[in-house]
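Here UniProt numbering is used: the first residue of the sequence shown is 1, the next is one more, and so on.
Even glycine gets a Cβ: it sits at the ideal position worked out from N, Cα and C.
A quick note: this is a predicted structure, and the numbers were derived from the prediction, not measured.
Structure first, commentary second.
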Amino acid sequence: MKIKTKIWIEEDNAVVFGEGRYLILKTALELGSLKAAAEKLGLSYRAAWGKIKTTEKLLGIKLVESSRGRKGGISLTTEAHKLLVLYEQLKNDIKNYADQKFREQFLEKIWQKR
Numbered sequence: 001m002k003i004k005t006k007i008w009i010e011e012d013n014a015v016v017f018g019e020g021r022y023l024i025l026k027t028a029l030e031l032g033s034l035k036a037a038a039e040k041l042g043l044s045y046r047a048a049w050g051k052i053k054t055t056e057k058l059l060g061i062k063l064v065e066s067s068r069g070r071k072g073g074i075s076l077t078t079e080a081h082k083l084l085v086l087y088e089q090l091k092n093d094i095k096n097y098a099d100q101k102f103r104e105q106f107l108e109k110i111w112q113k114r
């Protein structure tokens, strides 16, 4: 038995960043293309681009830059790399906390009663 968590960051009910946007950036980094990343993730290019642009606007930072000489190619900015690292750390910290609390407050109490 395990607990599952899902986190995202919002501002005024608008998604700023979460697992979907994390995957878009991470996959674009791996493939060097937002179009290829969108295809791999089953999104339209327009949807992926819109999510990235919304996040850029809400955070006030640039996340992607066009790669010159590569049709449709992009590279991530330093800020995007930092955002990926910070999100991974936050996600891991929350997962570890949730796992610990689940063991302490649920599993140990359930198994004690058996």
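Query, Result
"Classify G18 as helix, strand or coil using the three-state DSSP reduction.", "strand"
"Which of the three DSSP states, helix, strand or coil, is assigned to L63?", "coil"
"For the stretch 15-27 against the stretch 82-92, do three or more pairs of beta-carbon atoms, one drawn from each stretch, fall closer than 8 Å, so that the two count as touching?", "yes"
"Looking at the strands, I want to know which residues DSSP matches up with G73.", "S33"
"Using only the alpha-carbon positions, how far apart do R46 and A37 sit?", "12 Å"
"Just how far apart, CA to CA, sit V16 and L59?", "7 Å"
"What residue does the alpha helix (DSSP H) around I94 start on, and which one ends it?", "T78 to F102"
"Looking only at its own chain, which residues have a Cβ that is under 6 Å from the Cβ of S75, when we skip the five neighbours before and after it?", "E65 and S67"
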